[in-house]
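Here's the structure we're looking at; comments come further down.
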Amino acid sequence: MSASRSHTSIRSNRRISRGTNRASSVPEWYGCGCRPVLRWSTTEANPNKPFFGCPNYNVSGKMWCGLFVWADIGKEDIGGRVTATKNVDELKVNLAWRIGKLEAEVRTHKLYMLLLALFTMFVVVFMLVFKV
1 MSASRSHTSI RSNRRISRGT NRASSVPEWY GCGCRPVLRW STTEANPNKP FFGCPNYNVS
61 GKMWCGLFVW ADIGKEDIGG RVTATKNVDE LKVNLAWRIG KLEAEVRTHK LYMLLLALFT
121 MFVVVFMLVF KV
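Take a look at the structure:
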């Protein structure tokens with residue numbers, strides 16, 4: 001039993017280092033903003049083989065992100081899921097920071113537009129009063 005356990009441990013460590021565990025490499029959310037869906041292959045080469053794919057594949061008017069990953073039906077590697085979760089968390093933080101930066105930029109532009117409108121009104125009133 002201990003030999004079996006060490007063999008499994010070595011195998012799972014190898015998967016983590018190479019990053020080849022397909023099931024754990026499937027992100028919870030993907031580039032198109034949708035969750036991957038589990039489907040089954042209908043090809044002769046891989047009949048009824050499960051895979052994860054983009055739900056927008058072959059849907060007109062929707063962006064397909066290109067996600068295609070064969071599903072591992074065996075034991076999953078927790079390490080890969082943690083890495084994928086960290087990547088998603090980093091992406092969320094990065095997007096939140098970028099959105100905050102854009103919101104601040106919009107506020108600045110609104111202030112500039114207000115100041116420009118006030119200056120233009122001041123010039124027009126000055127020209128009308130003094131008939132320049």
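Okay, so the sequence shown: first residue is 1 according to full-length UniProt numbering, each after it adds one.
From the three backbone atoms N, C-alpha and C, an ideal C-beta is built for every residue, glycine too.
Just so you know, these numbers come straight off a predicted model, no measurement behind them.
In the displayed model, Arg35 falls within coil according to three-state DSSP, outside both helix and strand.
When beta bridges are read from the DSSP output, Gly61 appears opposite no residue. When the alpha-carbon of Lys62 is set against those of Gly33, Glu90 and Asn87, the nearest one is in Gly33.
In the three-state reduction of the DSSP assignment, Gly66 falls in the coil class. Looking at the backbone, the Cα of Lys110 and that of Phe119 are separated by about 14 Å. Distance from the CA of Val125 to the CA of Arg98, rounded to the nearest whole angstrom, comes to 41 Å. Burial check for Asn56: the Cβ neighbour count within 10 Å reaches 16 or more, so the residue is buried.
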